[in-house]
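Student:
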Amino acid sequence: MIAVMCAMSDPGRPLDPGPGQPPYDVPGPLPRDVPDSELADTVLGRLTTLYPAAGNPFRAQEMVAYMKGVAPFLGIRTPERRALSRTVLDGTPRPAEDDCAAVALRCFALPEREYHYFAVDYLRRHVKRCSSGFLPVARRLVTTVSWWDTVDHLAAHVVGGLVAADPALGAEMDRWIDDEDLWIARTALLHQLRFKEDTDADRLFAYCLRRAADTDFFLRKAIGWSLREYGRTAPGEVRAFVAGHRSLLSPLSVREALKHL
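With the sequence shown counted from 1, adding 286 to any position gets you our numbering.
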């Protein structure tokens, strides 16, 4: 589950958001290509009733400040939000792929960040019910009100889950790593975070080198983070890679990669 004050730099631990102020971006009207879904109608009806009623304007201001103004918040703390989410989903059936797309896209069309967190949590729970054809939906979510708090979970748990189920999607990741959108490139770097011994090391190392010259904080951090996670499985390989390419990697990437080695 996503925590408002927590991300994923280590399992259950926060990832530094880093410097910078993202542009405030409120989603537009619901896209016309959102699938029809009675399940999504039920979920969104309950969600938009229970979440606002639990909001706290003063807490919302604190959350907006912490998240650098990326989106407005209702002001619901994570434990309470999770409890509300269980109520929202009580008695609902398992979704089909179209239901997953409809719930996620409709949530991301709402401005408050808690709805986006609900969508990502929902997809994390049901990603195994989605085919490789869901990847374009995941890409749309990555590029909607993009910031680390949603992107990183989409990368590791949704995009990563799709690629793990269909390794042929690795070819699409090969395109994403060169994307001009830094969040798409970051997703490519992070999508193998949970693969452990199934990590395609050649692909991981190639991605790190492809973006090593970038000066963006989020890409440099992602390079180090992806190497650090793989280092838990193959510490010798990661040490050797960093040693052989230290002159190309940023100090931040090197520091993150070797943090636990």
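Heads up, the beta-carbon is just placed ideally off N, CA and C, and yes, glycines get one too.
These numbers come from a predicted model, not from an experiment.
Touch check for the region 451 to 464 and the region 498 to 507: three-plus C-beta pairs under 8 Å?
Tutor: The region 451 to 464 vs the region 498 to 507: no contact.
Student: Straight-line CA distance for P343 to Y337?
Tutor: Their backbone Cα atoms lie some 13 Å apart in a straight line.
Student: Looking only at its own chain, which residues have a Cβ that is under 7 Å from the Cβ of G341, when we skip the five neighbours before and after it?
Tutor: The answer, listed in chain order, is L360, G361, I362.
Student: Does the Cβ of Q347 have 16 or more other Cβ atoms within 10 Å, making it buried, or fewer, making it exposed?
Tutor: Exposed, because fewer than 16 other Cβ atoms sit within 10 Å of the Cβ of Q347.
Student: Skipping 5 residues on each side, what residues in its chain have a beta carbon closer than 7 Å to that of K482?
Tutor: If we look at K482 and ignore the five residues flanking it on each side, its Cβ neighbours are T519.
Student: How should Q537 be labelled, buried or exposed, when 16 other C-beta atoms within 10 angstroms of its C-beta is the threshold for buried?
Tutor: Residue 537 is actually Pro in this sequence, not Gln. With fewer than 16 other Cβ atoms within 10 Å, it is exposed.
Student: So, using beta-carbon positions, are H412 and C386 closer together than 7 Å?
Tutor: Yes. Within cutoff.
Student: Quick one, are the C-beta atoms of L468 and S512 less than 7 Å apart?
Tutor: Taking 7 Å as the Cβ cut-off, L468 and S512 do not qualify as a contacting pair.
Student: According to DSSP, is T485 helix, strand or coil?
Tutor: Coil, per DSSP.
Student: Pop quiz: T373 and T328 are said to be a contact at Cβ under 8 Å. What is the actual Cβ separation, rounded to whole angstroms?
Tutor: At roughly 12 Å, the Cβ-Cβ gap does not stay under 8 Å, so T373 and T328 are not in contact.
Student: Less than 8 Å between the CB atoms is what I'm expecting for R496 and D464, so what's the real figure, rounded?
Tutor: That pair is a contact at about 7 Å.
Student: G446: buried (16+ other C-beta within 10 angstroms of its C-beta) or exposed?
Tutor: It is buried - the Cβ of G446 has at least 16 other Cβ atoms within 10 Å.
Student: Applying the criterion that 16 or more other CB atoms from any shown protein chain within 10 Å of the CB defines a buried residue, is G510 buried or exposed?
Tutor: Buried, by the Cβ-count rule.
Student: Classify Y493 as buried or exposed, calling it buried when 16 or more other Cβ atoms lie within 10 Å of its own Cβ.
Tutor: The residue in question, Y493, is buried, as its Cβ has 16 or more Cβ neighbours within 10 Å.
Student: Please classify P309: does DSSP put it in a helix, a strand, or coil?
Tutor: Only weak support exists for where P309 lies, its pLDDT of 43 falling under 50; the value from the coordinates is given anyway. Note: P309 maps to coil in three-state DSSP.
Student: Spatial neighbours of F491 within its chain, please: CB distance less than 6 Å, with the 5 preceding and 5 following residues excluded, ordered by chain position.
Tutor: Cβ neighbours of F491 beyond the five flanking positions: F527.
Student: Let me make sure I understand the geometry here. Which of R514, D484, S417 has the alpha-carbon closest to that of E383?
Tutor: For E383, the nearest C-alpha among the options comes from S417.
Student: By DSSP, does A520 sit in helix, in strand, or in coil?
Tutor: If DSSP states are grouped into helix, strand and coil, A520 belongs with coil.
Student: Within 10 angstroms of the Cβ of T473, are there 16 or more other Cβ atoms? Answer buried if so, exposed if not.
Tutor: With 16 or more Cβ atoms within 10 Å of its Cβ, T473 is classed as buried.
Student: Report the residue from S323, H531, G530 whose alpha carbon sits nearest the alpha carbon of R380.
Tutor: Comparing Cα-Cα distances from R380 to each of S323, H531, G530, the minimum goes to S323.
Student: Using the three-state DSSP reduction, which class does T436 fall into: helix, strand or coil?
Tutor: Of the three classes helix, strand and coil, the one that applies to T436 here is helix, per DSSP.
Student: What does the Cβ neighbour count give for H546, buried or exposed, with the cut at 16 atoms within 10 Å?
Tutor: Exposed: under 16 other Cβ atoms inside 10 Å.
Student: Identify the continuous alpha helix (DSSP H) that holds H402 and give its terminal residues.
Tutor: From DSSP, the alpha helix (DSSP H) with H402 extends over 399 to 412.
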